[in-house]
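Residue numbers (our numbering): 340 to 540.
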């Protein structure tokens, strides 16, 4: 499923590829399901396919029905499909939707350049997962493909994002292995918001 609802938001699941292999990830535990929606993709959708599914989905909405945000979030890292993400986000903004990006913060590593300036006109908010308070904890819990440098890259991504996007937030899961207080301090030092997310078991 490419497009799925949750509460008053619409979510876009544009890839199942990810730059991490997190020990706590629910996509395997939940067999690719999320709140009754099957997020396992047969293949990565093209930009026209994403828009077609989105338009089909919202056509069923009643006049005046609330859509708070359209969120790039599924069982994969959206910035691994940067070109599709950009085109889709630009389309959504042209239709006056509020757009949020949920990301693991590896965007600059994945795309081998600073992509943050390109986010300026594409998204209203960026939520970045910081699941770990030290390089070692982050590496152990998230198993990033870019190794030990990934932790610092996530924090750097947040700092760069805030130059171009008004609402930037680092988030951490409420699990035993993560020091939430330390993560909160990291976010404060980076000059961005911080939020704790409940672990879905």
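Even for Gly, the Cβ is constructed at its ideal location relative to N, Cα and C.
Small disclaimer: the values here were computed from a predicted structure and weren't measured.
- Taking C-beta separations shorter than 7 angstroms and ignoring five residues to either side along the sequence, the partners of residue 441 in its chain run 410, 411, 412, 466, following chain order.
- In the three-state reduction of the DSSP assignment, residue 497 falls in the helix class, which pools H, G and I.
- Residue pairing of residue 512 in beta bridges, as defined by DSSP: 536.
- Membership of residue 393 in the alpha helix (DSSP H) is indicated by the continuous run 386–397.
- Under a 10 Å Cβ-count criterion, residue 381 is classified as exposed, with fewer than 16 other Cβ atoms of the shown protein chains found around its own Cβ.
- For residue 473 and residue 522, the gap between their C-alpha atoms comes out near 9 angstroms.
- By the Cβ-count criterion, residue 406 is exposed, with fewer than 16 other Cβ atoms from all chains shown falling within 10 Å of its own Cβ.
- Taken through DSSP and simplified to helix, strand or coil, residue 468 comes out as strand.
- Per DSSP, residue 443 lies in no alpha helix (DSSP H) segment and is marked neither H nor E.
- The C-beta distance from residue 416 to residue 499 rounds to 17 angstroms, too long to fall under 8 angstroms, and the pair is not in contact.
- The residues 350, 376, in chain order, have a CB closer than 6 angstroms to that of residue 343 in the same chain once the five nearest residues on each side in sequence are set aside.
- Taken atom to atom, the span from the alpha-carbon of residue 391 to that of residue 470 is near 34 angstroms.
- Taking 3 residues as the shortest admissible run, the segment 346–376 contains the following complete beta strand (DSSP E) segments, listed from N- to C-terminal end: 348–351.
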